[in-house]
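Here the sequence shown is numbered in the working numbering, starting from 521 and rising by one per residue.
Virtual Cβ for every residue (Gly too), placed ideally from N, Cα, C.
For reference, the structure is listed below as structure tokens.
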Amino acid sequence: MDKIRRPSHAGSWYTDNPKELAEELDGWLRAAGLPKSSDVRGVIAPHAGYSYSGRAAAYAFGNIDPSNITRVFLLGPSHHYYTPKCALSKATVYKTPIGDLPIDQEVNEELKATGKFEMMDLRVDEAEHSMEMHLPYLAKVFQGYAVKIVPILVGALSAENEAVFGRLLAKYVDDPTNFFSVSSDFCHWGSRFNYTHYDKKHGAIHKSIEALDKMGMDIIETGDPDAFKNYLLETDNTICGRHPISVFLHMLKNSSTKVKIRFLRYEQSSQCKSTRDSSVSYASAAAKVDA
């Protein structure tokens, strides 16, 4: 019996009309105009409602060559449920309006057997949007290909635990049939997010936010998890997927395959000009085998 995770955010965060959704994603992927490369082994992409971040996300998912990939690991932050660990899904299939993605039970069991993961309740799974917002893009890009997913909800990990999970998952990077979809938005700015860092030397507030985000993006591109950790401690930048990104950096650091992250797109939901404004930033990156 399949245990189904429903697309709980379809109809609100993105359209639940299969035809409209497929056309929308196709349009964004075409507009991004990126060449598909079998060297692209992972992405960092946003997870806001598609009207906000759908276009930016295409710059991550548009790089994927689906022909050799059989498994996608999803790493998403937890917005509503507290855990100091990572959690695996109890579902057997994740549904989307444009096709279903089965969970790789074999790898799920393998990870479960390490004793490091907890199992998340279906209710927790369906309440979380960070991985769900990647699913329609994955369903679209892998249409006609047999692909399975391994969703991993990344909790509020300590720096030590980020390294532990990174080392544990690193071996999967060395298998070229595996792919990694890391979910994160960037700066959440404004009093409603309790974050109003503003360095006037950059000019307008939105320029200061951009400089702050780009500093973080540059550090992520170096692949150094410790430098990223220090950046977060110094700036408090409200990057909601900081734990999944850190785990991913530790994975790449500990794998034999050399993979380099490069950011391809940066957008903001709106341009903040006064302290009454608020915005969320979206950045898309591809992680590519570094020959």
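Rounded straight-line distance, which links the Cα of residue j to that of residue i
i      : j      : result
Ala633 : Met639 : 12 Å
Leu631 : Arg526 : 23 Å
Glu754 : Arg591 : 36 Å
Val809 : Arg796 : 43 Å
Ile739 : Ala747 : 7 Å
Glu543 : Gly553 : 15 Å
Leu689 : Val674 : 13 Å
Gly710 : Glu626 : 43 Å
Phe581 : Val693 : 18 Å
Lys778 : Ser794 : 43 Å
His599 : His722 : 31 Å
Met651 : Glu787 : 20 Å
Ile682 : Lys539 : Correcting the residue identity first, residue 682 is Glu in this sequence and not Ile. Looking at the two C-alpha atoms, the distance is approximately 39 Å.
Asp733 : Arg575 : 18 Å
Lys523 : Lys780 : 36 Å
Phe699 : Phe593 : 6 Å
Ala666 : Ile589 : 9 Å
Ser775 : His649 : 29 Å
Spatially closest choice to residue i from the options, by CA coordinates
i      : options                        : result
Leu549 : Arg525, Asp585, Glu630, His529 : Asp585
Gly531 : Asp559, Ala565, Gly569         : Gly569
Thr758 : Arg575, Leu541, Pro597, Asn537 : Pro597
Val684 : Lys660, Gly562, Ser766         : Ser766
Leu595 : Ala647, Tyr715, His567         : His567
Tyr614 : Asp695, Ala805, His529         : His529
Ile564 : Arg782, Asp522, Gln788, Ser794 : Arg782
Leu642 : Ala551, His717, Tyr601         : Tyr601
Asp546 : Ala676, Tyr579, Leu772, Arg762 : Tyr579
Where residue i sits in the DSSP three-state scheme
i      : result
Asn698 : strand
Tyr786 : strand
Pro745 : helix
His529 : coil
His726 : helix
Tyr534 : strand
His763 : helix
Tyr718 : coil
Ser711 : helix
CB-CB length for residue i against residue j, believed under 8 Å
i      : j      : result
Pro622 : Pro656 : In fact, because the Cβ distance is near 16 Å, the residues do not count as touching under 8 Å.
Arg561 : Ala807 : 6 Å
Cys760 : Ser704 : 6 Å
Gly736 : Leu769 : With a Cβ gap of about 12 Å, Gly736 and Leu769 do not count as contacting.
His726 : Tyr715 : Contact flag wrong, Cβ pair sits at about 14 Å.
Closer than 9 Å to chain B by CB, residue i
i      : result
Phe637 : Here there is only one protein chain, and chain B is not present.
heavy atom of the ligand ZN below 8 Å from residue i C-beta
i      : result
Gly710 : With respect to the ligand ZN, the structure shown offers nothing to examine, as it has no ligands at all.
*At 3 residues or longer, and completely inside the segment 632–684: list those beta strand (DSSP E) runs for me, N to C.*
DSSP runs (the beta strand (DSSP E)) wholly in the segment 632–684: 637–640, 668–674.
*Runs of beta strand (DSSP E) lying entirely within the segment 544–619, each at least 3 residues, in chain order*: The segment 544–619 contains, as complete beta strand (DSSP E) runs of 3+ residues, the segments 560–565, 591–597, 606–609 (chain order).
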